[in-house]
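Reviewing the structure listed below.
4 protein chains.
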Amino acid sequence: MEKKWRTGITLHKGEDTYIRGYKLLDLVGNLSFSQAIYLILKGELPSEKEAKMMDAIFVSVIDHGIAPPSVIAARAVASGGNTLNVGVAAGVATFGSAHGGALEDAMKFMQDNIDKNVGELVKEYIEKKKPIPGFGHKYYKEFDPRTKRLMDIAKSLGFYDKYCAFAEKVEEEILKQKGKKLVLNVDGAIAALHRKWGLTGGLEKDFSS
Amino acid sequence: MEKKWRTGITLHKGEDTYIRGYKLLDLVGNLSFSQAIYLILKGELPSEKEAKMMDAIFVSVIDHGIAPPSVIAARAVASGGNTLNVGVAAGVATFGSAHGGALEDAMKFMQDNIDKNVGELVKEYIEKKKPIPGFGHKYYKEFDPRTKRLMDIAKSLGFYDKYCAFAEKVEEEILKQKGKKLVLNVDGAIAALHRKWGLTGGLEKDFSS
Amino acid sequence: MEKKWRTGITLHKGEDTYIRGYKLLDLVGNLSFSQAIYLILKGELPSEKEAKMMDAIFVSVIDHGIAPPSVIAARAVASGGNTLNVGVAAGVATFGSAHGGALEDAMKFMQDNIDKNVGELVKEYIEKKKPIPGFGHKYYKEFDPRTKRLMDIAKSLGFYDKYCAFAEKVEEEILKQKGKKLVLNVDGAIAALHRKWGLTGGLEKDFSS
Amino acid sequence: MEKKWRTGITLHKGEDTYIRGYKLLDLVGNLSFSQAIYLILKGELPSEKEAKMMDAIFVSVIDHGIAPPSVIAARAVASGGNTLNVGVAAGVATFGSAHGGALEDAMKFMQDNIDKNVGELVKEYIEKKKPIPGFGHKYYKEFDPRTKRLMDIAKSLGFYDKYCAFAEKVEEEILKQKGKKLVLNVDGAIAALHRKWGLTGGLEKDFSS
Chain A
1 MEKKWRTGIT LHKGEDTYIR GYKLLDLVGN LSFSQAIYLI LKGELPSEKE AKMMDAIFVS
61 VIDHGIAPPS VIAARAVASG GNTLNVGVAA GVATFGSAHG GALEDAMKFM QDNIDKNVGE
121 LVKEYIEKKK PIPGFGHKYY KEFDPRTKRL MDIAKSLGFY DKYCAFAEKV EEEILKQKGK
181 KLVLNVDGAI AALHRKWGLT GGLEKDFSS
Chain B
210 MEKKWRTGIT LHKGEDTYIR GYKLLDLVGN LSFSQAIYLI LKGELPSEKE AKMMDAIFVS
270 VIDHGIAPPS VIAARAVASG GNTLNVGVAA GVATFGSAHG GALEDAMKFM QDNIDKNVGE
330 LVKEYIEKKK PIPGFGHKYY KEFDPRTKRL MDIAKSLGFY DKYCAFAEKV EEEILKQKGK
390 KLVLNVDGAI AALHRKWGLT GGLEKDFSS
Chain C
419 MEKKWRTGIT LHKGEDTYIR GYKLLDLVGN LSFSQAIYLI LKGELPSEKE AKMMDAIFVS
479 VIDHGIAPPS VIAARAVASG GNTLNVGVAA GVATFGSAHG GALEDAMKFM QDNIDKNVGE
539 LVKEYIEKKK PIPGFGHKYY KEFDPRTKRL MDIAKSLGFY DKYCAFAEKV EEEILKQKGK
599 KLVLNVDGAI AALHRKWGLT GGLEKDFSS
Chain D
628 MEKKWRTGIT LHKGEDTYIR GYKLLDLVGN LSFSQAIYLI LKGELPSEKE AKMMDAIFVS
688 VIDHGIAPPS VIAARAVASG GNTLNVGVAA GVATFGSAHG GALEDAMKFM QDNIDKNVGE
748 LVKEYIEKKK PIPGFGHKYY KEFDPRTKRL MDIAKSLGFY DKYCAFAEKV EEEILKQKGK
808 KLVLNVDGAI AALHRKWGLT GGLEKDFSS
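Residue numbers (this note's numbering), protein chains in the order written: chain A, 1 to 209; chain B, 210 to 418; chain C, 419 to 627; chain D, 628 to 836.
This is how it looks when you write it as structure tokens:
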């Protein structure tokens, strides 16, 4: 293999591992798991409020029953007689445009359209019959309770910003124009909250470098 | 990465790829898919009869309905909105000690016990309540029709040897001692047929080299 | 799980498994592996020539050294101490838009553009700096030897049709317009040959049904 | 599929998801990610100190450079042109007896041998040339700095118990008997700390139920 992989995230120097410039061992015992994940993704330490928001986001999607395809895949693989982590791997692989993966599409949708007129934007999607990523849910028809909870927390921590407002405005416009609700789902809500942190761009840059 | 991976299977020289010493392009159009797989696994070209047996084995397990866990995993992953090959990957990962993977255990069982007294061997497994790999099936209680078909073909091609006889003797002994049939399943039958070709050893050797 | 998965490929009736309407056990010993794969994909048995072409295609991509990312992934997973099939699964998951997966995009490209003026088509892609799927290769700059071999076999078997001609015409036009060759690679060649069999459409239909 | 999957972890009732008896939405904003993971694994909420220990453990293994096979697999799969999560899945699948997966074996080793005479135990393993899971490291020959950090934190939080002492005693005995150090690695250290929480047993029980 001639190719050379680079990373802006991690570095080995002597016996020490550094993450984003911080010595790993200095982080152990001083950062929570969420804080360390934030550091890896964003390249800087979170404030206390940002860490709280991050925890809320992770906990909101830590489980959703045994019906989702990712759970089915994980258990099917484990039931073949494989180790736990191979089952988990199948579960992780399951996320895609139709399950969980809407998050990335929703981030892109918000990033690209944040400054547009929401009424016209929704009209265009409805006319072209294009699905709006982050909206609609199989079970939740009135509202996604996880979205509501995350938005309440975002407000109390001061993170409810123009992306959150945009997302809720899109939900309203869909109801107005379609006469039917497509709820802002938990993926859409997280997408709006992540946008605030500029996470889309950061991730891609580090990943391809 | 300082590690160096070696392979006894494949070689690049100039613009040419060689498999087991044969130039890949010379094989294209001259070998069937099964013959090429045999070459990769065993390091030599199969006879016409060996190729026929190989084809029979592959076709016998090409499909078994939509109930097996490997199919469920594949479809669950695809249903998340992923590409076809990622679904297939999950299906392949599903094989394990409880599904399909019995094949490897069964090969080892036959390799280790071929020269033992079958009656005593089965008695030992029954007393210790150890499952005998390659025997028993969820649906087939009288016989596994795929086993029967493969054994018939093996006989007509001259491949029915001491491993096949051993496997069928084990099936008989289980019935005699337990008073209940545990059929020689398709994994067990393929294991017996593969042993003839010494495939267990070969695979492992190449893989770790 | 309330969802109901359907399939047009496989059926269990009593103790028998049927594939595309054929009893599995009748196929064992009578079809080669490639013929059985063709049956599953296309829903009908191949002619002798079609089976020969299918074998040539499979053998042409059965191995390409140890450098490809799919091989690296497979060996990395196995080197962690996992079973062979979990390593293979990682290799299968590796296929994507940048490795192997060009095949599907190339099929779509040919399907959509077969009736267009090739000169104008290539001009449009070059002007918009869009990559043409199925063309270009990291190592092969003059021609992909696997493509040449497959096209020769296609001609001798009578499978060289308008899709193959179209693919070679695109290669020529790229050279003419860019002054630089982007070879019709093995993915592009297989895409052209698969188009003949209408495989794109078939696969998707069965898969989503 | 006739099989029925049960779970002791999660429950849907009306529109609400419950984890281990707690309503998911009540946990969002009130638990950290680590606390929620602990709840899922162990079935009860952690004390503040247990949550701190859990965070230290997770952060200690959040990154270890780009050389490990799990990282290579993840990047190889992503480099094929796949989505981020499919790359992560390959990384997760890589953990096995030779990488990361020692953790489970080490937990079992400690569980089975905690009450034995350490000198005789180590002698037996050395005589039979059996590797002791959780000991030895490719790079760290004097001590694993992550182990040292975790043990210091365990002491300060009051979690240094008989399993930790046992693990360190095994490390000493190996040095005494072999005349060469095989360091208690981070997997071994985490295994000792997890034992305290009885995690082995719990996990398996829930998983198979």
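In this text, a Cβ means the ideal position worked out from N, Cα and C, and glycines have one as well.
Cβ neighbours of B:R404 in the same chain (closer than 7 Å, five flanking residues each side left out): The count along the second sequence starts at 1 and reaches residue 404 of chain B at position 195. So the qualifying residues of the chain are M316, M319, Q320 and Y372.
is_contact[D:T827, chain A] using C-beta, thresh 8 Å: Translated into the one-based positions of the fourth sequence, residue 827 of chain D becomes position 200. In this prediction, D:T827 scores a pLDDT of 49, lower than 50, which makes its location untrustworthy; the coordinate-derived value is nonetheless stated afterwards. No, because no Cβ of chain A sits closer than 8 Å to the Cβ of D:T827.
Neighbouring residues, chain A, relative to B:H346 (Cβ below 8 Å): Your numbering for residue 346 of chain B matches position 137 in the second sequence. Here the premise fails: no neighbours, minimum Cβ distance about 15 Å.
Nearest residue (CA-CA) to D:P611, options D:E642, D:G761, D:I759 and D:L811: The structure shown does not extend to residue 611 of chain D, since chain D is modelled only from 628 to 836, so the question has no answer here.
CB contact below 8 Å: D:A701 versus chain B: Mapped onto the fourth sequence, residue 701 of chain D falls at position 74. No, its Cβ sits nowhere closer than 8 Å to a Cβ of chain B.
Within the stretch 522-566 of chain C, ranges of the alpha helix (DSSP H) (whole runs, at least 4 residues): 536-545
Euclidean distance between Cα positions of A:A56 and B:T292: By 1-based counting over the first sequence, the position of residue 56 of chain A is 56. By 1-based counting over the second sequence, the position of residue 292 of chain B is 83. In a straight line, the C-alpha of A:A56 is about 31 Å away from that of B:T292.
Run of the alpha helix (DSSP H) containing D:Y787, from where it starts to where it stops: Position 160 of the fourth sequence, counted from the first residue, corresponds to residue 787 of chain D. Counting along the chain, D:Y787 falls outside any alpha helix (DSSP H), and DSSP gives it neither H nor E.
Closer than 8 Å to chain C by CB, A:V118: Your numbering for residue 118 of chain A matches position 118 in the first sequence. Chain C, which has no Cβ nearer than 8 Å to the Cβ of A:V118, makes this no.
Touching by the beta-carbon criterion (3+ pairs, under 8 Å), the stretch 795-806 of chain D and the stretch 50-64 of chain A: no
Three-pair Cβ contact test at 8 Å for the stretch 60-76 of chain A versus the stretch 269-276 of chain B: no
Residues of the stretch 259-277 of chain B whose Cβ lies closer than 8 Å to any Cβ of chain C, in chain order: K261, M263, D264, A265, F267, V268, S269, I271, D272, H273, G274, I275 and A276
Chain B within 8 Å of C:F451, Cβ atoms only: For this step, residue 451 of chain C is matched to residue 33 along the third sequence. True, the Cβ-Cβ gap to chain B drops below 8 Å.
Contact check, B:I228 vs B:I249, beta carbons under 8 Å: Locating residue 228 of chain B in the second sequence gives position 19, where the first residue counts as 1. Locating residue 249 of chain B in the second sequence gives position 40, where the first residue counts as 1. It is a contact, given that the beta carbons lie within the stated cut-off.
Length of the line joining the Cα atoms of C:L568 and A:K52: By 1-based counting over the third sequence, the position of residue 568 of chain C is 150. By 1-based counting over the first sequence, the position of residue 52 of chain A is 52. Straight-line Cα distance between these residues: approximately 59 Å.
is_contact[A:I19, chain D] using C-beta, thresh 8 Å: Here residue 19 of chain A is taken as the residue at index 19 of the first sequence, counted from 1. Answer yes: the Cβ-Cβ gap between A:I19 and chain D drops below 8 Å somewhere.
Residues that B:D225 bridges to, as DSSP identifies them: By one-based count along the second sequence, residue 225 of chain B stands at place 16. B:D225 is bridged to B:K222.
Closest residue to C:V536 among C:E586, C:G509 and C:D579 (Cα-Cα distance): Sequence index remark: in the third sequence, residue 536 of chain C carries index 118 (1-based). Looking at the Cα atoms, C:E586 is the closest of the given residues.
Element boundaries [alpha helix (DSSP H), containing B:F242]: Working through the second sequence from its first residue, we reach residue 242 of chain B at position 33. B:F242 -> alpha helix (DSSP H) spans F242 to K251.
Per DSSP, cross-strand counterpart(s) of C:K598: Numbered from its first residue, the third sequence carries residue 598 of chain C at position 180. DSSP output for C:K598 lists no bridge partner at all.
Same chain, Cβ closer than 7 Å to B:T303, five either side skipped, listed in chain order: Taking the second sequence and counting its residues from 1, one reaches residue 303 of chain B at position 94. Once the five neighbours on either side are set aside, the close Cβ partners of B:T303 are P278, S279 and A282.
Neighbourhood of D:V719 by C-beta, 8 Å cutoff - its chain only, sequence neighbours within 5 removed: Translated into the one-based positions of the fourth sequence, residue 719 of chain D becomes position 92. Same-chain partners within the cutoff: S697.
Sheet register partners of A:H99 (DSSP bridge): Taking the first sequence and counting its residues from 1, the one referred to as residue 99 of chain A is at position 99. Answer is A:G96.
Nearest-angstrom Cβ-Cβ length linking A:I114 and A:F166, presumed shorter than 8 Å: The sequence position of residue 114 of chain A within the first sequence is 114, counting from 1. The sequence position of residue 166 of chain A within the first sequence is 166, counting from 1. The pair is a contact, with the Cβ atoms about 6 Å apart (cut-off 8 Å).
C:D473 - containing alpha helix (DSSP H), residue span: Taking the first residue of the third sequence as position 1, residue 473 of chain C is located at position 55. Looking at the DSSP string, the run of the alpha helix (DSSP H) that includes C:D473 is E466 to S478.
Check whether B:A400 and B:G343 have beta carbons under 8 Å apart: The residue labelled residue 400 of chain B in the question sits at position 191 within the second sequence. The residue labelled residue 343 of chain B in the question sits at position 134 within the second sequence. A contact, by the Cβ cut-off of 8 Å.
8 Å Cβ cutoff met for D:V813 and D:S724: One-based indexing of the fourth sequence puts residue 813 of chain D at position 186. One-based indexing of the fourth sequence puts residue 724 of chain D at position 97. Their beta carbons are not under 8 Å apart, which means D:V813 does not touch D:S724 by this criterion.
Residues of its chain near A:H137, where Cβ-Cβ distance is below 6 Å and the 5 sequence neighbours each way are ignored: Stepping through the first sequence from its first residue, residue 137 of chain A is reached at position 137. Closer than 6 Å at the Cβ level, and outside the excluded window around A:H137, lie D144, V183 and N185.
Under 8 Å by beta carbon: chain E residues contacting D:I780: Any reference to chain E falls outside this structure, whose protein chains are A, B, C and D.
Cβ neighbour criterion (16 or more within 10 Å) applied to C:S574: Within the third sequence, residue 574 of chain C is the residue found at index 156, counting from 1. Looking at its Cβ environment, which holds fewer than 16 other Cβ atoms inside 10 Å, C:S574 is exposed.
Reference D:I759, options D:P673, D:D653 and D:E731, closest by Cα: The count along the fourth sequence starts at 1 and reaches residue 759 of chain D at position 132. Cα-wise, what sits closest to D:I759 is D:E731.
Beta-carbon proximity of B:T356 to B:A398, cut-off 8 Å: Stepping through the second sequence from its first residue, residue 356 of chain B is reached at position 147. Stepping through the second sequence from its first residue, residue 398 of chain B is reached at position 189. It is a contact, given that the beta carbons lie within the stated cut-off.
Nearest residue (CA-CA) to D:G656, options A:K49, A:Y125 and A:T10: Here residue 656 of chain D corresponds to residue number 29 of the fourth sequence, with the count starting at 1. With distances taken between Cα atoms, D:G656 lies closest to A:K49.
Assigned exposure category for D:Y752 - 16 Cβ within 10 Å defines buried: Indexing the fourth sequence from 1 puts residue 752 of chain D at position 125. Under this definition D:Y752 is a buried residue.
Chain B contacts made by the stretch 88-103 of chain A, where a contact means CB separation under 8 Å: A89, A90, A93, T94, F95, G96, S97, A98, H99, G100 and G101
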